[in-house]
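Those protein sequence lines, which keep their order, are chains X and L.
The first sequence begins at 38 in the numbering used here and counts up one residue at a time.
The second sequence begins at 38 in the numbering used here and counts up one residue at a time.
The beta-carbon is built from N, C-alpha and C at its ideal position, and this holds for glycine as well.
What follows is a single structure, written as structure tokens, with notes after it.
2 protein chains.
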Amino acid sequence: MQISKGVEWAVHAVSLMAALPDKRGLSAEALAHYHGVPPAYMAKQLQALSRAGIIMSTRGAGGGYRLAKAPLDINLWDICAAIEGNAPAFKCTEIRQNGPCATLAEDCKTPCAIAAAFLLAEKAYRASLQAISLADIAHLILKDSSEQHLSAIMNWIDNAATALPVNALR
Amino acid sequence: MQISKGVEWAVHAVSLMAALPDKRGLSAEALAHYHGVPPAYMAKQLQALSRAGIIMSTRGAGGGYRLAKAPLDINLWDICAAIEGNAPAFKCTEIRQNGPCATLAEDCKTPCAIAAAFLLAEKAYRASLQAISLADIAHLILKDSSEQHLSAIMNWIDNAATALPVNALR
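Have a look at this one:
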């Protein structure tokens, strides 16, 4: 059971976007550079976040990504699902319907006890991530950082962020 | 994020073993046949369950697998971890230590807020599976099955199960 690196990158990228000043954005290249990761793979995560309505972008020169919602309205499960999809990790292949003592298909209208137990565990996993907003994460990152480090980050953002034409945001 | 089919197979296999009479076992071939799945891949799951101390086996003609513990002392996380391993699904690659505003390694002695949130969700996932024993699953399967179906299963077990030489169990 593995979560792709893309989820880690996506959460870090939106955390940085939470610190963006109004009407400014960051290009995929800038976000990749900031996190020291390959631009093409970072761009892929940003496209997935964009499709999920978590971030928005303007294209072309001076374009960039920023949050499409307030940090309080984005939770960690939203981000994880944008990258990994919404399908359950436990895929029941209904093996109870196989073999010499197969359960009849008409008796399999609800998940078996085994599938139900794994789906319940996934519900607990999702609920735990849903309970943590991007605002919570941003708050914790702020709390854990020195003033000097925060000031370096804000300087970097100020230099790297593009000014977005607001009517071009989509 | 995906859990391998092997976990589904393993839980079904140990659920069937929970119905075995005393001192009898089922071969990998019989367990594969019962569940209508390929014997080689079923054997792989059984070896992993055996290594984890959940089941035990006797080899050779008349050999077979049976539970190594009482069903109350085996939980769904034990089985899942035996097959998938115990490593967290979220692998933090410490990208906070990359790039132009890298956090210093000496300031990264604890997981960042993002990694901590995902590890917390995994804890909730594991706790949910740990709360469900094989005895619970066996009880639910019994409750959901008709008398006729249960009798077919017990007949199949009676024909397929080998008699294990108790002093050969390991």
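Per the C-alpha coordinates, the member of X:G100, X:H186, X:F127 and X:D115 positioned closest to A153 of chain X is X:F127. Secondary structure within the region 55-116 of chain X: the beta strand (DSSP E) runs of 3 or more consecutive residues, fully enclosed, are 92-95 and 101-104 (chain order).
Under DSSP, S170 of chain X shares a beta bridge with X:N112. Taking each of L:A50, L:H176, L:R103 and L:A89 in turn and checking the Cα distance to D59 of chain L, the smallest one comes out for L:R103. Chain-ordered, the chain L residues with CB closer than 7 angstroms to the CB of G136 of chain X read H70, Y71, H72 and G73. Bridge partners of T199 of chain X according to DSSP: X:G62. In this model, S94 of chain L and S41 of chain X are separated by some 36 angstroms (Cα to Cα).
Cβ contact annotation for C145 of chain L (same chain, cutoff 7 angstroms, sequence separation greater than five): E131, R133 and Q134, in chain order. Around the C-beta of R163 of chain X, 16 or more other C-beta atoms lie within 10 Å, and the residue is accordingly described as buried. Taking a Cβ-Cβ cut-off of 8 angstroms, the neighbours of E159 of chain X in chain L comprise Y162, given in sequence order. Within chain X, the residues K128, T130 and I132 have their CB atoms less than 9 angstroms from the CB of K42 of chain L, given in chain order. If you draw a straight line from the Cα of H49 of chain L to the Cα of I116 of chain X, it comes to about 33 angstroms.
For D195 of chain L, none of the residues of chain X pass the 7 angstroms Cβ criterion, the least Cβ distance being about 12 angstroms.
Straight-line spacing of the CA atoms in I120 of chain X and D173 of chain X works out to 20 angstroms. Note on S52 of chain L: 16 or more other CB atoms within 10 angstroms of its CB, so buried under the neighbour-count rule. Close to S165 of chain L, with beta-carbon spacing below 7 angstroms, are these residues of chain X in chain order: L157, A158 and A161.
Chain-ordered, the chain X residues with CB closer than 9 angstroms to the CB of V48 of chain L read I151, A154 and F155.
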